[in-house]
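Just so we're aligned: 798 in the numbering used here is position 127 of the sequence shown, and the numbers increase by one with no gaps anywhere.
Cβ coordinates follow ideal geometry from the N, Cα and C atoms, glycine included.
Owing to the predicted nature of the structure, the values given are computational and were not obtained by experimental measurement.
Read through the structure below, which is laid out as structure tokens, and then see the notes.
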Amino acid sequence: SADENANLEWFNTTGKASIESYSKSIDTFVVSVGMNDIDNKDKYIEALNALANENEDKNFIFVNIAPIDESKNTSITNKQIEIFNKEIQKELNQKWRVIDLHKYVVENDFNTVDGTRYSIGDLANIFSWIVNSISKEMNV
672 SADENANLEW
682 FNTTGKASIE
692 SYSKSIDTFV
702 VSVGMNDIDN
712 KDKYIEALNA
722 LANENEDKNF
732 IFVNIAPIDE
742 SKNTSITNKQ
752 IEIFNKEIQK
762 ELNQKWRVID
772 LHKYVVENDF
782 NTVDGTRYSI
792 GDLANIFSWI
802 VNSISKEMNV
């Protein structure tokens, strides 16, 4: 499930309800958060770790936040995103595998069209890379 305006509250209600409804038929869950409320880093860590602990027989993958173009978006900085990504990776429990989308986007010099969103072509490349990364993480 995804929602452009999703935040921690959405994750704790709609997101968790979606996970619970699919939990019997799916063994791997991929979670990616946006930058809507990265100030809630500690609460995200708590919620993500609780989710993994409540679902012992499942696999969990976290896709971190990609960089933005600060010249087009002044509400957040790449430094804030980097701190969020670093802290999430450090504090998630061992059930979580982290896919470093941020690094991939930087290495491939993708550019946003409006400061936060990437072009359709870049999004296709990003999505393919995420799927391939998940396959590698899961040894599929």
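Thinking C-alpha only, which one of the options is nearest residue i?
i	options	result
Phe733	Ser692, Asn683, Val769 and Ile801	Val769
Gln751	Glu762, Ala737 and Lys743	Ala737
Tyr789	Val802, Asn803 and His773	His773
Lys712	Met809, Asn724 and Glu762	Glu762
Asn735	Gly686, Gln760, Thr748 and Asp793	Gln760
Leu719	Lys687, Asp698 and Ser694	Lys687
Asn678	Ile690, Ser703 and Ser696	Ser703
In the DSSP output, which residue or residues are listed as bridge partners for residue i?
i	result
Ile759	None; Ile759 has no bridge partner.
Thr748	Paired residues: none, contrary to the question.
Tyr789	Thr783
Considering just the uninterrupted stretch of the beta strand (DSSP E) at residue i, what are its terminal residues?
i	result
Ile732	Asn730 to Val734
Ile770	Trp767 to Ile770
Am I right that residue i and residue j are in contact with their C-beta atoms under 8 Å? What's the rounded C-beta distance?
i	j	result
Asn726	Ser694	6 Å
- Item | Complete alpha helix (DSSP H) runs within the region 677-720 (minimum length 4 residues, chain order) | 687-693
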